[in-house]
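Sequential numbering from 353 applies to the sequence shown in the numbering used here. We treat Cβ as the ideally placed atom computed from N, Cα and C, and that holds for glycine. Some notes on the structure that comes next.
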Amino acid sequence: MDPTTDNAGNAGDPGSARASLEALRAEIAKAVVGQDPAVTGLVVALLCRGHVLLEGVPGVAKTLLVRALASALELETKRVQFTPDLMPSDITGSLVYDTRTAEFSFQPGPVFTNLLLADEINRTPPKTQSSLLEAMEERQVTVDGTPRPLPEPFLVAATQNPVEYEGTYPLPEAQLDRFLLKLTIPLPARQDEIDVLTRHAAGFDPRDLRAAGVRPVAGRADLEAARAAVAKTTVSPEITAYVVDICRATRESPSLALGVSPRGATALLATARAWAWLTGRDYVIPDDVKALALPTLRHRVQLRPEAEMEGVTADSVINAILAHVPVPR
């Protein structure tokens, strides 16, 4: 059975949309080995109309993961390699003088796409990093005083190397807060790495996803149906209070100089709803909140210097808070 034909016949059906989005994992696995949590995180971000920060050392398939997702969803994707000399207009676009008409016309930048891969975003200075702020928050860019809407869906998937690497500029807190999720891409397990090398030895070309067998298994109609279903997912007052208590506990933690803002609490509630729907429920339970707490909150907190010196991490603080905050029953 051709999955694209089957999806077209059930466009707009939430059940079919869930099955199609679940099929993404198997499809992307044809190109990327052992990164199911990252695939799930990217799908959650699409459902929540959010953006994703992917962090990992070079060579763990961050770029390939995003390209495979775009191919499996049949979305347009563009890639920008962030470098120290990159200018904001290189991303958003600029006015270009047309000698034939003697007028200025707007030349769209690579941000005008569905899935923007901002590769190594922390290798460019803050001025250029901030050029994405309006696009990420307002889903538009303003050039010469004229706002220009971006396509829908629109997702920024930014990759970054760990900040201790040379030649990097840590993202400012205001921009970090615009990312819905921060996903860490680990080094593969031994067997996964063997599988990667076996594929390459058999002729796998990461630049040719079609040859690897990656095909569209979901589309825009599935995404819209899924978003509508997620919006109807029930959240009880107890779950809402649980999310608030977790976020307030970060503001009171002695290990943190900066806790989670109300925007972060809203983000956690949104990602928990998306995860609940993906797992087949129309209501949120505490386990949904716990499952998405780390990727949703880890980049929204800031450790105190003395805590960092003691080896404390944002993940360990959040895990301690999850163990301490009473779970509703």
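Annotation: the continuous beta strand (DSSP E) that includes Pro501 extends over 498 to 501. Exclusion of the five residues before and after Leu646 leaves Asp667, Ile670 as the residues of its chain whose Cβ lies within less than 7 Å of its Cβ. The secondary-structure analysis by DSSP pairs Val641 with nothing; it has no beta-bridge partner. Judged by beta-carbon spacing, Arg656 lies within the 9 Å limit of Leu608, meaning their Cβ atoms are closer than that value. Linking Met661 to Ala554 through their CA atoms gives a straight-line distance of about 46 Å. Residue burial annotation: Glu604 is exposed, with fewer than 16 other C-beta atoms found within 10 angstroms of its C-beta.
CA-to-CA, the gap between Leu484 and Val384 works out to about 27 Å. Under the 10 Å beta carbon count, Ile443 is surrounded by 16 or more other beta carbons and is classified as buried. The C-alpha of Ala397 is placed about 18 Å away from the C-alpha of Ile473. Residue burial annotation: Arg650 is buried, with at least 16 other C-beta atoms found within 10 angstroms of its C-beta. Membership of Asp450 in the beta strand (DSSP E) is indicated by the continuous run 445 to 450. The three-state secondary structure of Pro389, taken from DSSP, is helix. Take Gln512, set aside five residues on each side of it, and the residues of its chain with a beta-carbon closer than 7 Å to its own are Leu405, Glu407, Glu472, Ile473, Asn474, in chain order.
Pairwise C-beta distances place the segment 419 to 437 in contact with the segment 564 to 577, as three or more of them are shorter than 8 Å. Annotation: Val679 to Pro638 spans about 7 Å, alpha carbon to alpha carbon. Within the model, the alpha-carbon separation for Glu576 versus Val582 is close to 10 Å. In this structure, DSSP gives Pro657 a helical state, which the three-state scheme calls helix. Our two residues, Thr498 and Gln481, have alpha carbons roughly 21 Å apart in a direct line. Contact between Asp597 and Val677 holds: their C-beta atoms lie close to 5 Å from each other, under 8 Å. Out of Leu467, Gly393, Pro477, Leu610, the CA that lies nearest to the CA of Pro522 is found in Pro477. Within the same chain, Leu447, Tyr449 come within 6 Å of Phe456 by CB-CB distance, once the 5 residues on both sides are set aside. Excluding sequence positions up to five before and after Tyr635, its CB lies within less than 6 Å of the CB of Thr586, all in the same chain and listed in chain order.
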